[in-house]
Ligand code: SF4
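In UniProt numbering, the protein residues as written are 1 to 301.
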């Protein structure tokens, strides 16, 4: 099975030839190639989903101010705001994605799916999807396995790390995982699931990693919300059988090609983009001074 997660086409062919669902192939990969027990995988997924939901609740109910001050209870403000832009469900989606990511920026516990920088996207999308469609936990866990398979292939063909491929690799991959998982949970076919991944990647291509002061706060937190929204729009488009035209494997290859030609100042070095703006530089200096002031006297001398 070692070739299975090298491409989406290979994953699909394997499932069709063996008459298994996408998530079952991931279980097989974990048990046969990684030597895990199937029950331990389900237990781990249930635990991870619990941590994701806890992060959402923590972000919406507890004090969320980061040490830099750049993150300051934004999720709660969005959740409670009386003006609803689109629908109450959309408002909850956005605030939940923000909430879980704020917990990460405030050093709380999250699931790095696939990275801590993108840790609000799967919780925001899946929590909201489960609520709207009254899905069982089991269905969501199967969706998480589909998301894991998607991440395995992106890691193989491109990257999941902002330091390697820019923010498209982090929030873009998480959004692709979420879109695929959502289409799976709503009964979509393999082609529709992979189409959702392709459409999501097309929407996230080229996004640079430019965290202000090198902290995973700005623009990371708001990008989790926008990526959650894109995952939803892609799922809606894919379920209607609107084609991405460019096959999903080629979309991921494009992500890898863009990532490798991206300048290093856009790869988590905090030297370009928003990090290099006047305000970004001023915040960076203030954070540095704050850090020096917190050092014990003997470390400063
Ligand atoms: S900007 Fe960089 S650090 Fe922030 S979420 Fe994107 S990839 Fe991660």
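Note that beta-carbon positions come from the ideal geometry of N, C-alpha and C, so glycine has one too.
In this text the structure is predicted, and so the values were computed from the model without any measurement.
Contact test: residue i Cβ vs the ligand SF4 heavy atom, cutoff 7 Å
i: residue 211; result: yes
i: residue 200; result: no
i: residue 171; result: yes
i: residue 102; result: no
i: residue 118; result: yes
i: residue 203; result: no
i: residue 216; result: yes
i: residue 219; result: yes
i: residue 223; result: yes
i: residue 167; result: yes
i: residue 24; result: no
i: residue 74; result: no
i: residue 268; result: yes
i: residue 149; result: no
Cβ-Cβ separation, residue j to residue i (assumed contact under 8 Å), whole Å
i: residue 126; j: residue 140; result: 5 Å
i: residue 158; j: residue 256; result: 3 Å
i: residue 52; j: residue 114; result: 13 Å between Cβ atoms; not a contact.
i: residue 27; j: residue 145; result: 7 Å
i: residue 31; j: residue 21; result: That belief does not hold up - the Cβ atoms of residue 31 and residue 21 are roughly 15 Å apart, past 8 Å.
Neighbour-count burial assignment, residue i, 16 or more Cβ in a 10 Å radius
i: residue 288; result: exposed
i: residue 192; result: buried
i: residue 88; result: exposed
i: residue 202; result: buried
i: residue 18; result: exposed
i: residue 86; result: exposed
i: residue 199; result: buried
i: residue 241; result: exposed
i: residue 277; result: exposed
CB contact below 8 Å: residue i versus chain C
i: residue 173; result: The chain inventory of the structure shown lacks chain C, comprising one protein chain alone.
* **3-residue-minimum beta strand (DSSP E) runs that sit fully inside the segment 7-73, ordered along the chain** => none
* What residue ranges within the segment 79-145 form continuous alpha helix (DSSP H) runs of no fewer than 4 residues, ordered along the chain? -> 88-105 and 121-133
* To do: Decide yes or no for the touch test of the segment 135-150 against the segment 37-56: beta carbon pairs closer than 8 Å, at least 3 of them.
  => yes
* Which full runs of the beta strand (DSSP E) of 3+ residues lie inside the segment 200-260, going along the chain? -> none
* Asked: Are the segment 10-21 and the segment 104-123 touching, with three or more C-beta to C-beta distances below 8 Å?
  -> no
* Inter-stretch contact (C-beta, 8 Å, three-pair minimum) for the segment 259-274 and the segment 231-242 -> no
* Below 8 Å, can you find three or more Cβ-Cβ pairs linking the segment 161-168 to the segment 237-248? -> no
* Asked: Can you list the alpha helix (DSSP H) stretches of 4 or more residues lying completely in the segment 145-183, in chain order?
  -> 162-165
* Asked: Are there three or more Cβ pairs, one per stretch, closer than 8 Å when the segment 63-79 is compared with the segment 89-97?
  -> yes
* Inter-stretch contact (C-beta, 8 Å, three-pair minimum) for the segment 179-192 and the segment 57-64 -> no
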